[in-house]
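If you count the sequence shown from 1, position 234 lands on 234 in UniProt numbering, and the numbers rise without skipping.
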Amino acid sequence: MFNKKVSGDTTPVAPDNESWHIDPKEIEFTDRLGTGTSAQVYKGRYKGKEVAIKILKSGGSEGKEMDAKQIRDFENECEIMSKARSPYILYFYGSCVEPQVCIVVEYCMRGSLYEVMSEETFNLTWERSLRQFFVVPTVCPFQWAKELAMAINYLHKFDPPVFHRDLKSPNLLLDNDWTIKVCDFGASRLDTPTESVTLGKMRGTYAYCAPELYFGTRFTTKSDVYSISIILWELFSRVLTGKYARPYSEYPQVTLGFTVIIKAAKNHLRPTIPAQMPAPLKQLIEKCWDPEPTNRPDCETVLKELEEITQMYQQDKEQWNSLRATPQNISKKQNYLSKTESMRIPLSPKDMIDLRGFTNVIVEEGGEQL
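Rendered as structure tokens:
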């Protein structure tokens with residue numbers, strides 16, 4: 001836990017766990033990478049290594065005191081990341097609270113999976129990537145999917161289990177070797193009785209949120225699995241169509257984040273799976289986003305099925321490759337992303353009334369669209 005402040009002191013206090021502490025004099029800032037509502041991210045160096053430095057904006061803006069929720073999120077993120085030593089989880093070097101509250105992690109030069117999928121110069125195939133005229137043989141969507149499953153399975157095997165609670169493609173970074181690194185543990189929580197209230201709240205990006213959370217059901221490992229299903233849909237749809245589409249973008253009237261979770265929860269609305277999706281992948285995705293959490297597989301099973309599907313591809317590459325929207329194949333298939341008018345899902349007056357359901361759930365700060 002955090003130490004108490006002295007009355008009148010506006011400086012955030014340091015965590016008791018000194019193993020997290022980094023001497024700010026050892027951190028060198030080099031480049032600014034980006035900024036968000038709650039943090040700024042810089043590239044830098046720490047003890048000779050390239051790192052990313054996330055500086056928290058106290059109170060949501062600079063110059064203000066951190067509130068209790070921010071302190072707790074900061075402490076949780078440090079605690080969980082300091083214990084999570086998986087090759088598929090972003091490496092945590094430590095944190096400091098003076099002169100600014102920041103977290104120091106490994107630097108992933110390839111950006112996020114979301115950025116890679118959105119990059120038109122990437123021609124993702126089942127087992128490699130062609131970027132402009134350069135082959136990137138280590139980029140394998142099957143491997144990415146398995147690395148994600150291994151990372152979350154690792155967290156779920158903790159005692160007590162760790163729930164990520166904000167899985168989405170922008171939170172999957174890629175290192176120099178194109179290995180998946182799960183990041184952003186600010187919303188993560190341990191499965192303990194003391195976290196029951198928090199685990200009954202929605203947190204994250206609505207398109208990736210498990211539908212049971214709309215009804216106030218407590219978060220479980222299967223809620224993370226639901227988020228994985230949306231990422232699998234993104235990744236393998238990108239391979240098949242050659243274009244990236246955000247989840248639910250084929251439904252033009254479902255434009256607000258909260259309408260997505262209402263439709264997903266009440267009408268079982270899901271992103272449209274391309275007609276050419278191989279049956280084993282389609283079945284896995286559908287199992288992972290089943291409306292009933294207990295029907296979803298655990299991450300260990302997801303990993304096993306992905307291994308089996310990879311073998312199926314290896315045994316029938318010609319058939320699988322013929323399904324992709326290449327110049328040679330495009331004339332044979334209908335691009336499912338072009339279908340919009342037939343997929344319009346209006347938000348009914350009754351659904352607008354059902355927005356009151358959010359008062360029963362209590363949406364945590366941080367819920368937002370991609």
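Here a beta-carbon is modelled for each residue, glycine too, at the ideal position from N, C-alpha and C.
DSSP places Ile-103 within a strand segment (E or B) once states are collapsed to three. According to the DSSP assignment, Cys-96 belongs to the beta strand (DSSP E) that extends over 92 to 96. Linking Ala-264 to Pro-99 through their CA atoms gives a straight-line distance of about 44 Å.
Around the Cβ of Met-277, a 10 Å sphere holds 16 or more other Cβ atoms; the residue is buried. In the DSSP assignment, Ala-265 falls outside any beta strand (DSSP E) and within the unbroken alpha helix (DSSP H) covering 257 to 266. For Val-162, same chain residues with a beta-carbon under 8 Å away, outside a window of 5 residues either side, are Ile-80, Ala-84, Leu-155, His-156, Ser-188, Arg-189, Leu-190, Asp-191 in chain order. When rounded, the separation of the alpha-carbon atoms in Phe-219 and Leu-173 is 24 Å.
When the Cα atoms are used, Ala-145 and Val-116 turn out to be separated by approximately 14 Å. By alpha-carbon distance to Ser-86, the top candidate from Tyr-46, Gln-315, Lys-49, Cys-183 is Cys-183. Contact between Phe-158 and Glu-77 fails: their C-beta atoms lie close to 15 Å from each other, not under 8 Å.
Straight through space, the alpha carbons of Val-104 and Glu-50 are spaced by roughly 10 Å.
Exclusion of the five residues before and after Ile-89 leaves Ala-151, Val-182 as the residues of its chain whose Cβ lies within less than 6 Å of its Cβ.
Remark: C-beta atoms of Pro-193 and Cys-96 do not approach each other more closely than 7 Å. Selection Val-254, Leu-281, Lys-282 evaluated against Leu-269 yields Val-254 as nearest (Cα-Cα). A direct Cα-Cα distance of roughly 22 Å separates Arg-238 from Gly-257.
The Cβ-Cβ distance between Leu-232 and Ile-285 falls below 7 Å.
Straight-line measurement puts the Cα of Trp-320 at about 31 Å from the Cα of Cys-108. Cα atoms of Thr-205 and Pro-247: separation of roughly 11 Å, rounded to the nearest angstrom. The closest CA to that of Tyr-46, considering only Arg-72, Glu-75, Gln-70, Tyr-93, is found on Tyr-93.
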